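In what follows, a single structure is set out as structure tokens and then discussed.
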Amino acid sequence: MNLPMPVAVGIWVVIGVLLLLVILTGRRRLAARTRDTVPVPPAVPEELGALRLGPLDATYVSSTLAGDWLARVGAHHLGDRSTAHVSVHDAGVLVERDGAPDVFAPVAALRGVGLAPGMAGKYVGADGLVVVTWEDPEADGVPAVALDTGLRTRHAPDRSRLVDAVRHLMTSAPAPKDEQ
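Each residue of the sequence shown is one higher than the one before, starting from 1 at the first, in the UniProt record's numbering.
Below, the structure is given as structure tokens:
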């Protein structure tokens with residue numbers, strides 16, 4: 001059956017608009033579902049201390065609830081994939097994202113770092129992602145929660161350098177006051 005060109009174009013436009021609405025509704029629901037679970041991430045401090053590594057070119061894949069690589073966090077733009085520059089400072093790990101708010105994991109909040117084949121938003125296999133586990137501190141009445149933040153460095157050798165720098169930062173940081 002041959003449709004006149006204006007009718008066919010109209011059908012494709014309607015399908016495109018419907019698809020866009022479905023995508024936007026899904027993103028809004030994801031953000032709403034995690035807004036009450038994940039507190040607002042800490043702001044980047046004015047003084048970051050000495051630069052230990054970076055900035056490295058990377059892709060910020062997403063943040064998920066720690067231990068559940070499919071539980072993407074949509075709140076506070078933590079689930080938005082973007083290009084980024086990652087640096088490790090005395091104060092913590094800074095992920096400067098293009099088109100999204102920066103993510104800062106304070107040194108006291110770092111819980112672990114390692115390599116993984118993938119997480120929600122990207123699966124590359126063969127330990128292609130650096131996953132930084134950190135605790136997003138309590139804010140605005142929302143309790144603290146542990147997050148896994150996935151980063152894909154542009155250059156493969158940078159992955160091990162980033163993991164080593166974060167591990168070294170964690171081991172050289174003073175113990176939190178309640179543990180002393």
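The beta-carbon is built from N, C-alpha and C at its ideal position, and this holds for glycine as well.
Keep in mind the model is a prediction, meaning the values are calculated, not measured.
Looking at V107 and V132, is the spacing between their C-beta atoms short of 9 Å? Indexing the sequence shown from 1 puts residue 132 at position 132. Indexing the sequence shown from 1 puts residue 107 at position 107. Not closer than 9 Å, so no.
Within the continuous beta strand (DSSP E) that includes D57, where are the two ends? Looking up residue 57 in the sequence shown gives position 57. Run containing D57: 51-65, per the beta strand (DSSP E) assignment.
Check whether the Cβ atoms of L19 and I11 lie closer than 9 Å to each other. Within the sequence shown, residue 19 is the residue found at index 19, counting from 1. Within the sequence shown, residue 11 is the residue found at index 11, counting from 1. No, they are not a contact pair.
Secondary structure at residue 187, three-state DSSP: helix, strand or coil? In this structure the chain extends from 1 to 180, so residue 187 is not present and cannot be described.
Can you tell which of V38, L51, A126 has its C-alpha closest to the C-alpha of A75? Locating residue 75 in the sequence shown gives position 75, counting from the first residue. The residue with the shortest Cα to Cα distance from A75 is V38.
For the pair the region 41-59 and the region 158-171, tell me if three or more CB-CB distances fall below 8 Å. yes
Residue nearest to F104 in terms of C-alpha spacing, selected from G67, V124, R159, V40: If you number the sequence shown from 1, residue 104 lands on position 104. Looking at the Cα atoms, V40 is the closest of the given residues.
Contact belief for A109 with L48 at Cβ below 8 Å, rounded distance in angstroms: Your numbering for residue 109 matches position 109 in the sequence shown. Your numbering for residue 48 matches position 48 in the sequence shown. In this structure, A109 and L48 do not form a Cβ contact; the two beta carbons are roughly 14 Å apart against a cut-off of 8 Å.
Span of the beta strand (DSSP E), counted from its first residue to its last, around D136: Translated into the one-based positions of the sequence shown, residue 136 becomes position 136. Looking at the DSSP string, the run of the beta strand (DSSP E) that includes D136 is 129-136.
For G150, count the other beta carbons within 10 Å of its own beta carbon; 16 or more makes it buried, fewer makes it exposed. Which is it? The residue labelled residue 150 in the question sits at position 150 within the sequence shown. With 16 or more other Cβ atoms within 10 Å, it is buried.
For A84, which beta-bridge partners are listed by DSSP? Counting from one through the sequence shown, the residue named residue 84 turns up at place 84. Paired residues: A58, R97.
Taking only the alpha-carbon atoms, compute the straight-line gap between V9 and V17 and give it to the nearest angstrom. Here residue 9 refers to the residue found at position 9 when the sequence shown is read from its first residue. Here residue 17 refers to the residue found at position 17 when the sequence shown is read from its first residue. Annotation: V9 to V17 spans about 12 Å, alpha carbon to alpha carbon.
Under the three-state reduction of DSSP, which class applies to L115: helix, strand or coil? Within the sequence shown, the letter at position 115 stands for residue 115. If DSSP states are grouped into helix, strand and coil, L115 belongs with the strands.
In whole angstroms, what separates the C-alpha of V44 from that of V22? Start at 1 with the first residue of the sequence shown, and residue 44 comes out as number 44. Start at 1 with the first residue of the sequence shown, and residue 22 comes out as number 22. Cα-Cα distance, rounded: 34 Å.
Bridge-paired residues (DSSP) for G92: As a position in the sequence shown, residue 92 is number 92, starting the count at 1. When DSSP reads this structure, G92 sits in a beta bridge with H89, P106.
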